[in-house]
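Novice:
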Amino acid sequence: MSLFSPYVGIVTRATPSGRTPVEDLYFKWMIAAAVFFVALQIAFLSMAGLPPIDRPWADDTNFAIGRDFLNTWMGGRSMFSGGPGPWFDVRTYAAALRDMLGPTYPETYWSYPPHIVLFVWPLGLMPYLLAYIAWCVIGIALYLFACSSALPRERLLFLAVAPGVAVCVFFGQNGFYTAALLIGGLLALDRRPVLAGVLFGILTIKPQLGLLLPIILLLDRRWVTIASAAATVALLFVTTAMLFGWDVWLDYWHKIVPQQMWLTEYAGGLMFSLVSSLFYGARLIHLPLSLAWAIQYAGSAFAVAAVVWTYWKRRDPNLSLALFVTATFLFTPYILNYDMVMFGFVVALLRDRADNTMRDHWLLLAVWSLPVTMMFAGAIWIPLAPVVLVMFACWLLRRLEQSDGREAQSLPGNTAPAAA
């Protein structure tokens, strides 16, 4: 079968480097992304100067290097001082950060469920800079390991230099870890259902990424995975309560949940360039709040319907996984570009399909580069992320409809020992 039509004549002619034009296209984008990754970090350090090792350090923009990693580090330190409960209060948390970083440090919000402390406490024992470096290195390694069973080895560099990785490193976020948990769990479903449930249970550290998981687990009758996930969540809940008191969960519900709703509706500035949801896309072009919510509800309904249709029966598993990830980003109103690390895996999984056309490859590259391009587009009030994600979801649905499900009966990671 030809690589694609009507471009078969172009594709089958190898480039001087020995790569086909399509392979050369991806190679050039990969090199450009790697250059961007390195240039971003060098430019930041050149303008801000080298930070001290032993404490957090604010640059000329009044943000700590690693930015959002400061929350993770503070959470790790809270393990030894009664838990993260005090950080749920905005004024208390702001005062703690300003005592450490100076009176001009901007207001920062804690947003994580309290059980994240169970996983990040070792970082609280380390100096800030070393903890940040370890956070990034370990996160990238776990992400690549989780994806390695489903991809050829030469594709791992394509994942490692993806724009989503650069953004995640710059902001010190946890997109590597959540991608490893979600992708690792999906790849482990058939061969290691208990492990899949454990990974999905841990994913509740960022609950908006797992809101659609119950749909596919129920439709696929994954009872062992469901039980394993429920047991993992219960264990994390009880352990956290025993360490920090049951009130820590009540405080989280009464303080953090309303805070996140307020941030969703009223956060502006840089957030317009970072949040990829339909809701923020509507707000970016100055639509009224009520209309923005109506668009988000419609998008959420579309995402649920798409996932239900896709998993109602066994279909092409690679396309189904890609559709599930895309639907997750369309379903929730508060999800950011550094959560898009997992799209690197999605694009790597789909780029070698024999039925791709050149238009398909450009769409895949648009998704792969979206964590960065959406920021530039947002600066000029263009809601690029929701547009590209809706286009990608529709493309996946069309390809799933055309597929009879016989191309592959299980994910690549389930035909070999599963990663993660």
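So in our numbering the end of the sequence shown lands on 443, straight run, no missing numbers.
Note that the Cβ used here is the ideal one computed from N, Cα and C, for glycine as well.
These numbers were taken from a predicted model, which means no experiment stands behind them.
(1) Helix, strand or coil: how does DSSP classify L423 here?
(2) Which class does L235 belong to by DSSP, given the choice of helix, strand or coil?
(3) Give me whichever residues DSSP pairs with D298 in a beta bridge.
(4) How big is the Cα-Cα spacing for W335 and L234?
(5) Could you give the distance in angstroms between the alpha-carbon of V271 and the alpha-carbon of G108?
(6) CB-CB under 8 Å to L420, same chain, minus the five flanking residues each way: which ones, in chain order?
(7) What are the boundary residues of the alpha helix (DSSP H) that includes F260?
(8) By the 10 Å Cβ neighbour count, where 16 or more other Cβ atoms means buried, how is T262 classified, buried or exposed?
(9) Kindly indicate which three-state DSSP category Q196 falls into: helix, strand or coil?
(10) Determine the extent of the alpha helix (DSSP H) in which S340 is found, giving its start and end residues.
(11) Check for me: the alpha helix (DSSP H) holding D122 runs from which residue to which?
(12) By alpha-carbon positions, which one of R245, L259, R337, A185 ends up nearest to L141?
(13) Can you find the residues in the same chain that come closer than 7 Å, C-beta to C-beta, to L307, ignoring five residues on each side of it along the sequence?
(14) In chain order, which alpha helix (DSSP H) runs of at least 4 residues are fully inside the region 144-231?
(15) Using only the alpha-carbon positions, how far apart do E130 and F352 sit?
(16) Please report the residue range of the alpha helix (DSSP H) in which Y128 lies.
(17) When the distance is taken between beta carbons, is Y155 closer than 9 Å to H384?
(18) Cα separation between A253 and A202?
(19) Would you decide whether M363 is buried or exposed? Buried here means 16 or more other CB atoms lie within 10 Å of its CB.
(20) Alpha carbons only, please: which of R245, F60, L152 is nearest the one belonging to A183?
(21) Can you tell me whether Q319 is buried or exposed, with buried defined as 16 or more other CB within 10 angstroms of its CB?
(22) Should L412 be listed as close to the ligand GDP, given that the test is whether its C-beta is under 8 Å from any heavy atom?
(23) My output table needs one value for I100: the three-state DSSP class, helix, strand or coil.
(24) Given that a residue counts as buried once 16 or more other Cβ atoms are within 10 Å of its Cβ, and exposed if not, what is T38?
(25) How close, in whole Å, do the beta carbons of S300 and L423 come, if the pair is a contact with beta carbons under 8 Å?
(26) Taking W391 and P186 to be in contact with their CB atoms under 8 Å, please state how far apart those CB atoms are, rounded to whole angstroms.
(27) Is the region 155-166 touching the region 106-125, taking contact as three or more C-beta pairs under 8 Å?
(28) Which residues in the same chain as L359 place their Cβ atom closer than 7 Å to its Cβ, once the five residues preceding and following it in sequence are excluded?
(29) With a CB to CB cut of under 6 Å and the five nearest residues on each side skipped, what residues in its chain are close to G224?
(30) How should I54 be labelled, buried or exposed, when 16 other C-beta atoms within 10 angstroms of its C-beta is the threshold for buried?
(31) Decide yes or no for the touch test of the region 272-288 against the region 238-248: beta carbon pairs closer than 8 Å, at least 3 of them.
(32) Less than 9 Å between the C-beta atoms of F302 and L174, yes or no?
(33) Report buried or exposed for D339, applying the criterion of at least 16 other Cβ atoms within 10 angstroms of its Cβ.
(34) Can you say whether C159 is buried or exposed, counting buried as having 16 or more other CB atoms within 10 angstroms of its CB?
Specialist: Let me spell this out:
(1) In the structure shown, L423 sits in a helix (DSSP, three-state: H, G or I).
(2) When secondary structure is reduced to three states using DSSP, L235 falls in the coil class, being assigned neither helix nor strand.
(3) First, the residue type needs correcting, since residue 298 is Val and not Asp in the sequence shown. Per DSSP, L359.
(4) The alpha-carbon separation between W335 and L234 amounts to approximately 17 Å.
(5) Note on geometry: alpha-carbon atoms of V271 and G108 lie some 6 Å from one another.
(6) Correct list, in chain order: A329, W332, T333, L346.
(7) Annotation: the continuous alpha helix (DSSP H) that includes F260 extends over 246-267.
(8) With a threshold of 16 other beta carbon atoms within 10 Å, T262 falls short and is exposed.
(9) In the three-state reduction of the DSSP assignment, Q196 falls in the coil class, being assigned neither a helical nor a strand state.
(10) With the sequence shown as reference, residue 340 is identified as Pro, and Ser is not the correct amino acid for it. First-last of the alpha helix (DSSP H) with P340: 340-354.
(11) Boundaries of the alpha helix (DSSP H) around D122: 113-124.
(12) Closest by alpha carbon: L259.
(13) Only F295, G401, W404, P406 meet the Cβ criterion.
(14) Fully enclosed alpha helix (DSSP H) runs of 4 or longer: 151-170, 179-183, 186-194, 198-211, 216-225.
(15) Whole-angstrom Cα-Cα distance: 27 Å.
(16) Note, Y128: premise wrong, no alpha helix (DSSP H); not H, not E.
(17) Taking a C-beta distance under 9 Å as the contact criterion, H384 and Y155 do not qualify as a contact pair.
(18) If you take the alpha carbons of A253 and A202, they lie about 20 Å apart.
(19) Counting other Cβ atoms within 10 Å of its Cβ, M363 reaches 16 or more and is therefore classed as buried.
(20) The shortest CA-to-CA distance from A183 to any of R245, F60, L152 is the one to F60.
(21) Burial of Q319 is indicated by the presence of at least 16 other C-beta atoms within 10 angstroms of its C-beta.
(22) The ligand GDP is not among the ligands present in this structure, which contains no ligands whatsoever.
(23) Per the sequence shown, the amino acid found at residue 100 is Arg instead of Ile. Helix at R100.
(24) With a pLDDT of only 42 at T38, under 50, the local geometry of the prediction cannot be trusted, and no value is derived from it.
(25) Actually they are not in contact, since the Cβ atoms of S300 and L423 sit about 23 Å apart, beyond 8 Å.
(26) Taking a contact as a CB-CB distance under 8 Å, the pair W391 and P186 counts as one, their CB atoms being some 7 Å apart.
(27) Short answer: they don't touch.
(28) Taken in chain order, the residues that qualify are L297, V298, S299.
(29) Correct list, in chain order: A252, T255, V256.
(30) It counts as exposed.
(31) No, the region 272-288 is not in contact with the region 238-248.
(32) The answer is no: Cβ separation not under 9 Å.
(33) The residue in question, D339, is buried, as its Cβ has 16 or more Cβ neighbours within 10 Å.
(34) Counting Cβ neighbours within 10 Å, C159 comes out buried, since at least 16 surround it.
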